[in-house]
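Since the structure comes first, as structure tokens, the remarks are kept for the end.
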Amino acid sequence: MFNRDEKLQLKDAETIIGPSVKVKGEFNGQGDIIVEGVLEGSLKTGNRLRVGDKAKIKASIEAKDCSISGEVTGNLKIKGSLEVSATAKITGDIEVSSLSIEKGAQINGRISMGGVAPVENKVETKLA
Amino acid sequence: MHVYIYDSFVNQKKYQRALANVETRITDLGLNGKICRLGVMTKIQDIVTNEIRRGAKTIIAVGNDQTINQAINALVGSEVPLGIIPIGSEYNTVAECLGINSAEEACDILSARRIEKLDLGKANYFYFLTNASITGKGTVVEINQDYSIEILEKGSIHIVNLPPENKINLPARGKFDPQDGRLELYIKTEAKKNFFKKIIDQSFFTFEKLTINNSSYPLLIDNATKVDPPVEINIAKRALNVIVGKKRNF
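These protein sequence lines are chains W and B, in that order. Take the first sequence: its position 68, counting from 1, is numbered 68 in this note's numbering, and each next residue is one higher. Take any residue in the second sequence, count from 1 to its spot, add 128: that is its number in this note's numbering.
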């Protein structure tokens with residue numbers, strides 16, 4: 001999990017997609033990104049991504065590190081660590097190096113870690 | 129040689145005292161120069177072009193945001209620096225953004241002559257130094273032709289180059305830099321949570337080129353000039369030399 005000090009703060013972010021904003025298209029960034037609103041298409045960043053609990057994303061995601069509290073539909077490719085909070089709902093395959101899932105989170109999709117090919121069978125995870 | 133361009137409104141009686149004080153201070157500091165007065169038949173563009181041809185070393189706009197915006201558009205790409213003397217207490221946000229808070233202070237700043245080369249925003253054919261704003265209602269923004277932004281609540285959209293020091297509560301203040309070759313898009317919306325509490329939320333993007341579309345409302349640049357959408361906004365890197373306040377940090 002992210003430590004309190006490592007958590008992505010508003011002041012550190014290069015891009016903030018607020019709760020009243022809907023973004024459609026191919027979003028490419030290099031800095032930290034915070035998503036609190038709606039995003040459709042694809043999202044790529046070479047840095048950290050934070051998905052807030054009210055956020056709704058229908059997009060494939062590529063990031064260095066990521067924390068998810070909202071709803072994500074699409075495949076995730078995370079180079080570093082992925083933190084999934086209790087309020088998160090993920091529908092899609094996940095490719096990640098290190099993963100932490102909080103009790104209550106919902107993940108529907110395949111998970112592959114450390115560069116190993118994903119297992120054939122669809123894994124349905126619901127921690128409650 | 130200093131060339132002072134007086135806007136027509138400074139001839140009003142209520143500004144005479146302020147103007148007299150400015151002229152006295154300019155004389156004391158040894159900054160005397162030629163005075164050109166704007167009128168119905170005189171355009172700032174013509175004055176600036178002619179005076180630069182005659183060897184003007186500094187163009188000083190004496191007036192408000194409107195005067196400064198016109199001077200900026202006339203001086204784009206020139207090495208001759210722009211000085212500013214704000215007159216009146218309203219509509220002087222551009223001067224405030226540059227750390228010039230009063231006419232008296234402006235004279236001392238001219239004397240200190242701290243010149244900075246700053247980026248300008250370009251909205252269609254009009255340049256702006258500080259920011260451009262438009263209502264969020266019915267506005268669609270497209271950034272770098274890659275993605276579009278739709279605003280779902282009532283609010284306002286600001287394209288910021290040089291942030292006003294205290295006017296709007298901007299996030300991540302350190303990232304607004306008029307010398308970084310990029311512009312910032314800031315969207316502020318208000319969603320009423322309940323009767324007593326109003327939640328303000330904000331979105332923030334960095335870009336080099338965007339288009340704004342709104343069929344009903346114009347884009348206001350530098351708090352002075354209205355531009356009708358569709359507007360294409362991009363950046364003119366290091367396009368203007370400006371004399372700025374001693375304490376203004378970029």
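Cβ atoms here follow ideal geometry from the backbone N, Cα and C, with glycine treated the same way.
Limits of the alpha helix (DSSP H) - the one that Asp-156(B) falls within: 144-156
Any beta carbon of chain B sitting closer than 9 angstroms to that of Val-21(W)? yes
Strictly below 9 angstroms CB to CB, what residues from chain B border Lys-24(W)? Tyr-275, Ser-276, Ile-277 and Glu-278
List the residues of chain B that Ile-130(W) touches, going by C-beta distances under 7 angstroms, in chain order. With chain W covering 1 to 128 only, the question about residue 130(W) has no answer from this structure.
May I have the straight-line CA-CA distance separating Thr-152(B) from Gly-31(W), to the nearest angstrom? 51 angstroms
Starting from the N-terminal side, write out each stretch of the beta strand (DSSP E) that is 3 residues or longer and does not extend beyond the region 54-83 of chain W. 56-63, 65-68, 71-73 and 76-78
Pairwise C-alpha distance: Tyr-132(B) and Lys-56(W): 55 angstroms
Using a Cβ-Cβ cut-off of 7 angstroms (strictly less than) and excluding sequence neighbours within five positions of Ser-239(B), which residues of its own chain qualify? Leu-157 and Leu-159
Could you give the DSSP three-state label for Arg-181(B): helix, strand or coil? helix
Collapsed DSSP secondary structure at Asn-108(W) in the structure displayed: strand
When you compare the CB of Glu-281(B) with every CB in chain W, is at least one pair closer than 9 angstroms? yes
Using a beta-carbon distance below 9 angstroms, is Leu-368(B) in contact with chain W? no
If we define contact as Cβ-Cβ less than 9 angstroms, is Glu-14(W) a contact residue for chain B? yes
How is Glu-233(B) classed by DSSP in three states: helix, strand or coil? helix
Please say whether Ser-276(B) and Val-288(B) have beta carbons closer to each other than 9 angstroms? no
Same chain, Cβ closer than 7 angstroms to Val-150(B), neighbours up to 5 away in sequence not counted: Ile-213, Ala-231 and Cys-235
Alpha carbon to alpha carbon, how far is Asp-174(B) from Glu-14(W)? Give it in angstroms, no decimals. 41 angstroms
Using a Cβ cut-off of 8 angstroms, pull out every chain W residue sitting near Phe-254(B), in sequence order please. What Phe-254(B) touches in chain W: nothing, since even the nearest Cβ is about 26 angstroms away.
Which residues bound the alpha helix (DSSP H) around Asn-197(B)? 193-203
Just checking my contact of Ser-60(W) with Ala-88(W) at CB under 8 angstroms: how many whole Å lie between their CB atoms? Ser-60(W) to Ala-88(W), Cβ: 17 angstroms. No contact.
Meets three-Cβ-pair contact criterion under 8 angstroms: the region 332-340 of chain B and the region 174-192 of chain B: no
Under 8 angstroms by Cβ, that's how I've got Glu-102(W) and Lys-77(W) pegged, so tell me the actual separation to the nearest angstrom. Going by Cβ atoms, the distance from Glu-102(W) to Lys-77(W) rounds to 21 angstroms, so no, they are not a contact pair.
With H, G and I counted as helix, E and B as strand and the rest as coil, what does DSSP make of Ala-13(W)? coil
Which residue from Val-204(B), Asp-135(B) and Asn-139(B) puts its Cα closest to that of Lys-171(B)? Asp-135(B)
Beta-carbon separation of Glu-36(W) and Lys-24(W) under 9 angstroms? no
Ile-262(B) touches chain W at which residues, Cβ-Cβ below 8 angstroms? What Ile-262(B) touches in chain W: nothing, since even the nearest Cβ is about 15 angstroms away.
Limits of the beta strand (DSSP E) - the one that Glu-278(B) falls within: 275-279
Using the three-state DSSP reduction, which class does Ile-133(B) fall into: helix, strand or coil? strand
Residues of the region 241-253 of chain B whose Cβ lies closer than 9 angstroms to any Cβ of chain C, in chain order: Given the protein chain composition of this structure (W and B), no chain C is represented.
Between Arg-50(W) and Glu-278(B), what straight-line distance do the alpha-carbon atoms span, to the nearest angstrom? 20 angstroms
What does the alpha-carbon distance come out to for the pair Pro-243(B) and Val-204(B)? For the sequence presented, residue 243(B) should be read as Ile rather than Pro. Ile-243(B) and Val-204(B): Cα-Cα distance of roughly 15 angstroms.
Please compile the residues from chain W whose C-beta is within a distance smaller than 7 angstroms of the C-beta of Ile-315(B). Gly-18 and Val-21
Beta carbon of Glu-62(W) nearer than 9 angstroms to that of Leu-82(W): no
Quick one: is Gly-41(W) near chain B, going by C-beta distance under 9 angstroms? yes
Measure the CB-CB distance between Asp-305(B) and Thr-221(B) and report whether it falls below 9 angstroms. no
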